[in-house]
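Residue 1171 in the working numbering sits at position 40 of the sequence shown, and the numbers go up by one each step. Accompanying notes for the structure given below.
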Amino acid sequence: MDEETLRKRTQETAKTLFGRGIRMDPPYRTWREFDRELANDFSRFITGNLYSRTVLTLPERQMAACAMLAALRATDELKLHVNAALNVGCDPRKLAEIFFQVATYAGMPAVNEALAVYREVLEERGEWPLE
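In structure tokens form, the structure reads like this:
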């Protein structure tokens, strides 16, 4: 794939995932402050190559990302990906269920943190409480 096609695909995928909902700076902006070229390489790989693959749908990828980030207790990154999951149509009840499933592998403190992040995102989006 040529560089221009990859750049466009990266931008389109990023817009789909992160273009609406809560407002927060994506990690890309921080990366870019330190090394613009490397930030672009990371972005093209993660968003342009990995997230644009069709083996998993974007909702499936976001649910997997949310589960892993919750287990890692990476709350800032989780906030970004919970918002992206909602942007691509993940069922809000299924996201909550995914966070409860994390208890088996990462414990209740990880569940509690994930649910707090999830509620915060839903509140910022005007979607709390869940129906």
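No residue lacks a Cβ here, since even glycine has one placed at the ideal position from N, Cα and C.
Closest residue to residue i among the options (Cα-Cα distance)
i, options, result
"residue 1161", "1235, 1208, 1257, 1230", "1208"
"residue 1153", "1138, 1214, 1258, 1139", "1214"
"residue 1233", "1224, 1199, 1222", "1199"
"residue 1138", "1221, 1157, 1172", "1172"
Cβ shell of residue i (< 6 Å), same chain only, five flanking positions each side left out
i, result
"residue 1189", "1219"
"residue 1246", "1230"
Neighbourhood of residue i by C-beta, 7 Å cutoff - its chain only, sequence neighbours within 5 removed
i, result
"residue 1196", "1212"
"residue 1202", "1233, 1236, 1237, 1241"
"residue 1141", "1174, 1175, 1178, 1179"
Under the three-state DSSP convention, the category residue i falls into
i, result
"residue 1186", "coil"
"residue 1151", "coil"
"residue 1221", "coil"
"residue 1251", "helix"
"residue 1162", "helix"
Check: residue i C-beta below 6 Å from any heavy atom of the ligand SAM
i, result
"residue 1195", "Because no ligand of any kind appears in the structure shown, any question about the ligand SAM cannot be addressed here."
Beta-carbon proximity list for residue i, same chain, < 8 Å, skipping 5 on both sides
i, result
"residue 1182", "1144, 1148, 1189, 1192"
"residue 1290", "In the structure displayed, the chain extends from 1132 to 1262; residue 1290 sits before or after that span and is not available."
"residue 1256", "1152, 1153, 1214, 1217"
"residue 1205", "none"
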